Structure formats: structure tokens, C-alpha cells
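In case it helps, mature numbering (1 follows the signal peptide of the UniProt record, and there is no 0) puts the sequence shown at residues -23 to -1, 1 to 266. Shown next, in C-alpha cells, is the structure this report addresses.
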Amino acid sequence: MPASLTGRGRRAVLAMAALLASAGCTPLSLFDTVVPKDRGGVLRAQGVAYGADPRQRLDVYGPRQSGETPRPVVVFFYGGSWNSGDRAGYAFVGRALAARGFVVVIPDYRLVPKVRYPAFVEDGAAAVRWAGAHAADYGGAGNRLILMGHSAGAYIAAMLAVDERWLGPARANVKGLVGLAGPYDFVPFDVDASRAAFGDWPRPAETQPITHAGVGDPPALLAFGADDETVRPRNSEALAARLRAGGVRVELRGYAKVGHVGLLLAMARPFRGRAPVLDDVTRFVSATR
């Protein structure tokens, strides 16, 4: 594969990725095989168990060059309407962030219909605790975790960052939240995916990040595509307003002419010119303390 794509090739890969993503996140592994790779980031560990269930596995990425100073650790949760997805499809995210100098953990988690809320949040919490306990094995700082996600994964990251029930004392290690096109305020459950994942829960408001957000939460970078028709930008805007009302530092980033899938694909090398998502994430993560 050449190091760069022509304009026509870039459009073809983007169209393919959007089509695959609309069918579910797992086929993004095909997208990952055809895009040029970030050579500065490498896979450090694959299929590590953080729980007993086969879906409780994770991969770890890190910079090709080791360093003396412990690095920030980004725990990335992919999306897929809580009913689809596979960590292999998001290797491009792991490599991109690792090439910027971070340790990256990408976990799988249990999916609907085998489970419903709160199982996937519980899995996320277990993966974050694993990251804190094992970060040093990969050159990371276990007390400098940044929770990041796209779409349904951004929901998981946000719940862990703002609702202290899930991580308990380990939440002190969370220094930042990065949400890409996340649903944070979506009651009532009026689409099939949310009904399937949350519809049985007797207290709907309890499932929403915006209910728990406020004083003492970690700083946040909330990003959205202005053309997103899957998860409306108002979700990011509402969570940003709630966090700011509690005195939390928030960066709200909207990208023109970018949709739901395009926001994530801007992390991949051929599409970074569409929106500076990777640069904004890098700047935010680097500033966490």
C-alpha cells in the first residue's frame, strides 16, 4: 500500500469505510488494513484478559521509541450502538495516538442483546482499572488516565468519568475525558438501539451522563461533526454546558462538513485534512496532569 492516497483513492476508501460502519463496526478491520499506517505506534500486547468473559479482552499500543518518563494512558472505547464492534477495527486509532507519544488501551466489551445496561459500563470500568494497574508495564502512568470514546464508546467513557459509582477511588486516576460524537442526553429511548440497551432500566435518567456531570469531574474535550445526523451535536453542547456550570474545564469542538463516522476516520492518516481531530486530542491529552 502506498504511503499516501490520491484524491480519488481517498474518496473511495472513505466511502467504503462509511458503508462498512453503517453495517456495524466490526468490518472497520477491513478499513484498517487498507489505510496507510502510523509507523511510530506499535501493538504492544494483544488479547489480554481483563475479565473472565471472552469479550473482556483488550489490546495495548505504545510508541515505537521507549521513553524514560511515564506516558499518559488513553483508554479508547469504540462505538457500535452498544450491539456491535471489535477492537481489531480500531487499530488505526491505537497506532495514531501511540505515534503521538501515548500508551493506548482498546478493550472489547460485552454487547446487546447478550447483555444490557449497565453491563457494558461495568466492563469499561474493569478495563480502566486494569489500565491503571498495568500501565507501568508498557511505559504508562497509571495515575494519568484519559478516557476516550466514539459514539456509544464515548457514552461509556463519559459515564466512567462523571459517575463515581463505577470506578470508586480509581476515578482519581482519570485526568481527562475525550468524547467524539457521544450520546450523553438521550431520554426518552426512542430508537431501537437505545431501547434495546436501556429500555428495561427502571430509572432512565440514571443512565444518562448529563445527570451525573458536575463539580469535581475531570476536564473534557467534547467533539462533534456539524453534519452528524446519527448523534446530534446538542448532546455534546448540553454536556459541555452542564460541566461548565460545575466549574469543569471543557473544550467544545465542532467540525464543519464532518459527519458521525467522518469524525472518527479523521484520526486515520488519509483523512486528517478533513478535521484536526487528532491534533486537538493530542493537545488535550498532553496538557492533562
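The C-beta atom is built at its ideal place from N, Cα and C for all residues, glycine as well. On a predicted model such as this, the values are computed, not experimentally measured, just so you know.
- Around the CB of GLN23, fewer than 16 other CB atoms lie within 10 Å, so the residue is classed as exposed.
- Counting C-beta pairs closer than 8 Å gives fewer than three between the stretch 238 to 254 and the stretch 213 to 224, which falls short of the contact rule.
- ASN120 and MET244 have their C-alpha atoms some 25 Å from each other.
- Contact check for TRP59 and ALA170: beta-carbon distance about 7 Å, within the 8 Å limit, so the pair qualifies.
- For the pair VAL168 and ALA108, the CB atoms are not nearer than the 8 Å cut-off.
- Counting of Cβ neighbours within 10 angstroms places SER43 among the exposed residues, the total staying below 16.
- If you check the CB distance, TYR94 and PHE175 come in under 8 Å.
- Using a Cβ distance threshold of 8 Å, ASP9 and GLY62 do not count as a contacting pair.
- In the three-state reduction of the DSSP assignment, GLY66 falls in the helix class, which pools H, G and I.
- In the displayed model, PRO49 falls within a strand according to three-state DSSP.
- For ALA76, the CB contacts under 6 Å within the same chain, skipping 5 residues up- and downstream, are ASP15, GLY17, GLY18 in chain order.
- One thing to note: LEU240 has its Cβ no nearer than 8 Å to the Cβ of ALA138.
- Taking C-beta separations shorter than 8 Å and ignoring five residues to either side along the sequence, the partners of ILE187 in its chain run TYR161, ASP162, ALA215, LEU216, ARG219, following chain order.
- It is roughly 7 Å from the alpha-carbon of PRO210 to the alpha-carbon of GLY202.
- By the neighbour-count criterion, in which 16 or more other beta carbons inside 10 Å mark a residue as buried, SER128 falls on the buried side.
- Per DSSP, VAL164 lies in no alpha helix (DSSP H) and is assigned neither H nor E.
- Only residues of its own chain outside the window of five on either side were considered, and among them none has a CB closer than 6 Å to the CB of PRO179.
- For MET244, the three-state secondary structure derived from DSSP is coil.
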